[in-house]
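*Asks:* When you line the sequence shown up against mature numbering (1 follows the signal peptide of the UniProt record, and there is no 0), it's residues -31 to -1, 1 to 245, in that order.
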Amino acid sequence: MLFKDNLKKMARTLLASIASALLLTSCTSLSYDLGDIVPPSGTTPKGPINAPRFDDRKPHDWAELTPWHYPIHGTDVSKYQQAVDWAAVKHSGISFAFIKATEGGDRVDDNFLHNWDGTKEIGMPRGAYHFFYYCRPASEQAKWYIRNVPKDPTALPPVLDMEWNDSSPTCKIRPPAETVRSEMKVFLSIVEKYYGKKPIIYTTVDFFDRNGLSQIKGYSFWLRSVAGHPQEKYGTHPWTFWQYTGTGRVPGIKGDADINVFYGSRDEWQKYVSGK
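As structure tokens, this is what we get:
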């Protein structure tokens, strides 16, 4: 009997050890999986997946939180990318494009129509963005955008690009944060009413922090962060698009290219594009 009792005790100890080891392994895996930001949809990337990979002139060492956690990658362009071969861009794995349309209240990007029509022709989802100018009322800028960007129900939402532009020869002011947010809301409201879609806000880390953009609710954000995942630079602020490099290499685009990711899965991307 004593021998049998000892065998039973040894068996119970062994089983307990195995169970503990399995639990520890499971917890370790879960901790790694939840390391990424939880995007607005509530989904969490589970690790590097089958995402397109692009060369980069100045690649960043992404460690664990990488752009390759997200399957949908896109680009954004202006006249500085010159003539873009959109068929080659799409073939490389790019799934969407944001195209510069307007700036201030009197400037249209030289290549806007070429890029707008070119992406439409190959069936690439695209949206148009406006670069904000701090020396002109937001209402005038919104009307200028509406005057130059076609109302296309299949397009991605309009984009308001908010960042500092100290290189401007005519407007170097930096208004108070309260004024910046107030003017943004004017532009966003006018454009949303006309196009029937809530615009997206593009911004940079320094602009976001200085102007308290976390206070603006109800809009999707497109965040620039080329030296770390948005979770590291913007905290828990939700985002829909992340611009992760400005020195990428995309076939069909000459020189440096901006590359972005969409926060969700391929299925979520299809729902986003369809407006569902």
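Ideal Cβ positions, reconstructed from N, Cα and C, are used throughout, including at glycine.
Could you give the DSSP three-state label for Lys120: helix, strand or coil?
*Replies:* Of the three classes helix, strand and coil, the one that applies to Lys120 here is coil, per DSSP.
*Asks:* For the stretch 170 to 188 against the stretch 70 to 77, do three or more pairs of beta-carbon atoms, one drawn from each stretch, fall closer than 8 Å, so that the two count as touching?
*Replies:* No, the stretch 170 to 188 is not in contact with the stretch 70 to 77.
*Asks:* With a cut-off of 8 Å, do at least 3 Cβ pairs link the stretch 37 to 55 to the stretch 216 to 232?
*Replies:* With the cut-off at 8 Å, the stretch 37 to 55 and the stretch 216 to 232 touch.
*Asks:* Just how far apart, CA to CA, sit Glu201 and Gln239?
*Replies:* Going by the C-alpha atoms only, they are around 28 Å apart.
*Asks:* I believe Tyr39 touches Tyr232 by the beta-carbon criterion, under 8 Å. Please report the beta-carbon distance rounded to the nearest angstrom.
*Replies:* With a Cβ gap of about 7 Å, Tyr39 and Tyr232 count as contacting.
*Asks:* Find the nearest neighbour of Glu152 within the set Cys104, Asp25 and Arg235, judged by alpha-carbon distance.
*Replies:* Nearest C-alpha to Glu152: Cys104.
*Asks:* Do you know whose CA, among Ser61, Leu125, Glu33 and Tyr163, lies nearest Pro220's CA?
*Replies:* Considering only alpha carbons, the answer is Ser61.
*Asks:* Taking Cβ positions, are Ile169 and Ser189 nearer each other than 8 Å?
*Replies:* Result yes, Cβ atoms of Ile169 and Ser189 sit closer than 8 Å.
*Asks:* For Val242, does the three-state DSSP call read helix, strand or coil?
*Replies:* Here Val242 sits in helix by DSSP.
*Asks:* Which same chain residues end up closer than 8 Å to Gln212 when comparing Cβ atoms and leaving out the 5 residues on each side of it in sequence?
*Replies:* Around Gln212: Asp45, Tyr171, Trp191, Leu192, Arg193, Ser194, Val195, Asp227, Ile228 and Asn229.
*Asks:* Do Gly197 and Phe23 have their C-beta atoms within less than 8 Å of each other?
*Replies:* Going by C-beta atoms, Gly197 is not nearer than 8 Å to Phe23.
*Asks:* Look at the Cβ atom of Tyr98, then the Cβ atom of Ile68, and state whether they are nearer than 8 Å.
*Replies:* Their beta carbons are under 8 Å apart, which means Tyr98 touches Ile68 by this criterion.
*Asks:* Phe210 to Pro36, Cα distance in whole Å?
*Replies:* Straight-line Cα distance between these residues: approximately 11 Å.
*Asks:* Taking the beta carbon of Ile41 as the centre, do at least 16 other beta carbons fall within 10 Å, making it buried, or is it exposed?
*Replies:* The residue is buried, with at least 16 neighbouring Cβ atoms inside 10 Å.
*Asks:* With distance defined between alpha-carbon atoms, name the residue in Leu82, Met93, Pro199 and Pro144 nearest to Ile63.
*Replies:* Selected option, being the one with the closest Cα: Met93.
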